[in-house]
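Heads up: the structure comes next, in structure tokens.
Residue numbers (this note's numbering), protein chains in the order written: chain A, 50 to 300; chain B, 50 to 300.
Quick look at the structure:
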């Protein structure tokens, strides 16, 4: 399998399932599409909160082509599934968005933690293929205009002797949220019950496992309603855009 | 000396000279100020050309406060000298810009190579305090709207046995252009005469010195005229904004 073959299967409707654990040596990306009028505010928020919102690429207004070298890729058919909001309401979860793309639409690709899962595994850190548990925190984001909200984190249990290794490995991937934002102290993030994440399921944790927290791509998604945009399109959770680039090309 | 004391001297008009080699363990920044209408296009260009245009901070429209934690800093008085263009013509080189700041002005801080000069010296690499020679190349930038142009590079001679070290040290500072873009082959960049830079003077080079090329902050300055902006303000060459942050805080 190659990214191009996978995207071809996706474009033909033959692949509609999650992309976690698939081609995980390649960069994967979260997608946000907004009208041009809102793109500046969203980019400003991302630039001020780079840990949770690493910007990989921004398209030209009205142009659905992904502005990355290597291949001509139309973003409207190249994700397994999308979510479409209109005036704040979820209106569709389609497998292509040709009917929803508008004149003035701007595509924004943001980093994704699938990018560092494979390197973590190669370092001997047992990362599940299932989505990690995700928690809202009480840590405020850096505001940008009307956009603010709080940091959202994902958690992976790491054996105590490998925590330092987990920091070093993920720090190499700013396009996958980089180094952890917190190690071992959920309460410092305002997380009162580790067993009650906002999304996902907590994997079994042994006595030597430390909860390690990384910034999470749900952070920008949670501020999107504050844009009060006429429409917004994103990837369906877990159904990411698989790039032809390796994560190293974004360092 | 501290960054706050230096900025206080600058604000009072007591310091109007270059900042290279001053407080060089702190982050320094290039400044661009444009009208809000042009800010999006310029940010898009910077995002697509991150080696030469690392974005450190973007202000709120109309607000001259630098949006970084630590201290309230009004950008209009905090650089030793500025350059002001109106409709493409250089109209002033003042030591403050209170008369030129407009409703809707957006301040953008971009990384600066002063950031990695001190670490290079600590690694035994003899970097001059004088501005390095700067060359236009034939390498096209990634275009963004009407903005395109070619990459501009700076050159520092590095003893052959220390070239690898120079790569490793500067790679740690993406807020200072990161790792070199080219090592040892000026012709591959379209530079036909190393002794004839576009700006600056070539330092003496010994037989064991290799010319090493880094992306340069002149790159975004050269595309600014393509914005066709009513006005634009930048730092005066070599007269940078000295932040209270260490470069490590931008990694």
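Cβ atoms here follow ideal geometry from the backbone N, Cα and C, with glycine treated the same way.
None of the values given here were measured: they were computed from a predicted structure.
(request) Please state whether DSSP places residue 230(A) in a helix, a strand or coil. (result) coil
(request) Give me whichever residues DSSP pairs with residue 175(A) in a beta bridge. (result) Answer is none; residue 175(A) lacks a bridge partner.
(message) For residue 233(A) and residue 273(B), what's the separation of their Cα atoms in angstroms?
(response) 47 Å
(request) Compute the distance between the beta-carbons of residue 60(B) and residue 157(B), then report whether it is under 9 Å. (result) no
(message) Which same chain residues end up closer than 7 Å to residue 111(A) when comparing Cβ atoms and leaving out the 5 residues on each side of it in sequence?
(response) 152, 153 and 154
(message) Along the chain, where does the alpha helix (DSSP H) containing residue 161(B) start, and where does it finish?
(response) Neither: residue 161(B) is in no alpha helix (DSSP H) and is coded neither H nor E.
(request) Quick one: list the residues of chain D neighbouring residue 89(B), beta-carbon separation under 8 Å, in chain order. (result) Structure shown: chain D not included; protein chains present are A and B.
(message) Checking 9 Å against the spacing of the C-beta atoms, do residue 91(A) and residue 81(A) come in under that value?
(response) yes
(request) Using a threshold of 9 Å, state whether the C-beta atoms of residue 103(B) and residue 225(B) are closer than that. (result) yes
(request) Report the option in 277(B), 210(B) and 217(B) whose CA atom is closest to the CA atom of residue 168(B). (result) 217(B)
(request) Using beta-carbon positions only, say whether residue 263(A) and residue 162(A) come within less than 9 Å of one another. (result) yes
(message) Against chain B, with Cβ distances strictly below 9 Å, would residue 296(A) count as a contact?
(response) no
(request) Could you check which residue in 271(A), 53(A) and 266(A) has the C-alpha nearest to that of residue 123(A)? (result) 53(A)
(request) Go ahead and label residue 242(B) buried or exposed: buried means 16 or more other beta carbons lie within 10 angstroms of its beta carbon, across all protein chains shown. (result) exposed
(request) Identify every residue that forms a DSSP beta bridge with residue 81(B). (result) 157(B) and 283(B)
(request) Measuring only between beta-carbons, confirm whether residue 104(B) sits less than 9 Å from chain A. (result) yes
(request) Output yes if chain A places a C-beta closer than 9 Å to the C-beta of residue 195(B); else output no. (result) no
(message) Assuming residue 190(A) and residue 98(A) are in contact, meaning their beta carbons sit under 8 Å apart, how far apart are those beta carbons, in whole angstroms?
(response) 5 Å
(request) Can you tell me which of the three DSSP states residue 124(B) falls into? (result) coil
(request) Report yes if the C-beta distance between residue 147(A) and residue 132(A) is below 9 Å; otherwise report no. (result) no
(request) Would you mind stating whether residue 299(A) and residue 105(A) have Cβ atoms separated by less than 9 Å? (result) yes
(request) Compare the beta carbon distance of residue 293(B) and residue 120(B) with 9 Å and say whether it is the shorter of the two. (result) yes
(request) Starting from the beta carbon of residue 97(B), find every residue of chain A whose beta carbon is closer than 9 Å, and list them in chain order. (result) 106, 107 and 116
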